[in-house]
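Notes to accompany the following structure.
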Ligand SMILES: Cc1cc2nc3c(=O)[nH]c(=O)nc-3n(C[C@H](O)[C@H](O)[C@H](O)COP(=O)(O)O)c2cc1C
């Protein structure tokens, strides 16, 4: 199986970069292939310009999309699964990744309406996605404050399950603000395990 892993962090020295390394190592050791899309390294344009805005609000599913967007959609099409590896920033993904969703989940690809105005099946078709997010706060804190619920609604239900991903799960590697070596090791071990078991039954 082949996974397209989106990575959204500006530093390769970061904890999130280590998470990506462990996760992809686990995937490969389980016999799967992975392509990493490092959004900062790619200098992916994440601001929607007026031209694409006109396209997205024109509701023509056949209207051409920008070349860099088409290239991302081709990577999705060639993958069986998607992974999103990023740090929690102000309770959501970094703007770099948010902009990827804004521009790549285009009308006609991720969602569209047929001639009777009914929502039609998206062209995007992905078996499974994993959202793997490093966080400063503990999971308990993020649950108590409603952030985990909001992440599930926005990342899983709206941005993935709503647009042609059949199964999606969220894993938060939390508690990193404590700078505790045991927490760090446990989180990295978990990232590796999530890579190894990516194609097994969902654990959430
Ligand atoms: C701009 C910024 C915003 C952040 N916002 C949050 C947040 O809302 N919730 C949280 O739990 N951690 C937050 N953090 C902490 C990171 O998620 C945390 O340090 C994570 O482990 C990423 O570490 P890394 O940058 O070494 O990869 C934030 C960090 C930064 C730099």
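Residue numbers (my numbering): 679 to 882.
Backbone N, C-alpha and C fix where the C-beta goes; we use that ideal spot for every residue, glycine too.
Indicate whether residue i and residue j have their beta-carbon atoms separated by less than 7 angstroms.
{"i": "residue 718", "j": "residue 688", "result": "yes"}
{"i": "residue 869", "j": "residue 693", "result": "no"}
{"i": "residue 787", "j": "residue 806", "result": "no"}
{"i": "residue 848", "j": "residue 809", "result": "yes"}
{"i": "residue 742", "j": "residue 790", "result": "no"}
{"i": "residue 684", "j": "residue 762", "result": "yes"}
Below 6 angstroms CB to CB, which residues in the same chain sit around residue i once its five sequence neighbours on both sides are set aside?
{"i": "residue 750", "result": "782"}
{"i": "residue 855", "result": "814"}
{"i": "residue 850", "result": "811, 813, 817"}
{"i": "residue 775", "result": "686, 764"}
{"i": "residue 861", "result": "853"}
{"i": "residue 877", "result": "679"}
{"i": "residue 779", "result": "837"}
{"i": "residue 784", "result": "743"}
{"i": "residue 769", "result": "825"}
{"i": "residue 653", "result": "What is shown of the chain runs 679 to 882, which leaves residue 653 out entirely."}
CA-CA distance, residue i and residue j?
{"i": "residue 875", "j": "residue 767", "result": "27 angstroms"}
{"i": "residue 821", "j": "residue 845", "result": "22 angstroms"}
{"i": "residue 798", "j": "residue 737", "result": "13 angstroms"}
{"i": "residue 697", "j": "residue 727", "result": "32 angstroms"}
{"i": "residue 734", "j": "residue 859", "result": "46 angstroms"}
{"i": "residue 843", "j": "residue 729", "result": "27 angstroms"}
{"i": "residue 793", "j": "residue 840", "result": "20 angstroms"}
{"i": "residue 832", "j": "residue 707", "result": "31 angstroms"}
{"i": "residue 691", "j": "residue 819", "result": "26 angstroms"}
{"i": "residue 772", "j": "residue 823", "result": "20 angstroms"}
{"i": "residue 699", "j": "residue 866", "result": "9 angstroms"}
{"i": "residue 746", "j": "residue 695", "result": "24 angstroms"}
{"i": "residue 796", "j": "residue 709", "result": "41 angstroms"}
{"i": "residue 827", "j": "residue 732", "result": "33 angstroms"}
Excluding the 5 residues preceding and the 5 following residue i in the sequence, name in chain order all residues of the same chain whose CB lies nearer than 7 angstroms to its CB.
{"i": "residue 682", "result": "713, 715, 753, 754, 757, 760"}
{"i": "residue 777", "result": "724, 725"}
{"i": "residue 872", "result": "701, 704, 808, 810, 849"}
{"i": "residue 748", "result": "none"}
{"i": "residue 711", "result": "680"}
Return the chain-ordered list of same chain residues with a C-beta closer than 8 angstroms to the C-beta of residue i, the five sequence neighbours on each side being excluded.
{"i": "residue 720", "result": "none"}
{"i": "residue 830", "result": "848"}
So that I know if they touch, is there some Cβ in chain C lying closer than 7 angstroms to that of residue i?
{"i": "residue 801", "result": "Going by chain labels, chain C is absent from the structure shown, which holds only one protein chain."}
Note to self: Can you tell me which residues fall inside 5 angstroms of ligand 1, judged by beta-carbon distance to its nearest heavy atom, and keep chain order?
What the structure shows: 692, 693, 694, 765, 766, 767, 768, 769, 812, 813, 814, 815, 854
Next item on the list: Could you name each continuous alpha helix (DSSP H) segment of 4 residues or more that falls completely within the stretch 782–869, going from the start of the chain to the end?
Entry: 817–822, 825–829
Next item on the list: Quick one: which unbroken alpha helix (DSSP H) runs of 4-plus residues sit fully inside the stretch 681–741? Chain order, please.
Entry: 693–707, 728–736
Checklist line | Whole beta strand (DSSP E) elements within the stretch 761–785, 3-residue minimum | finding: none
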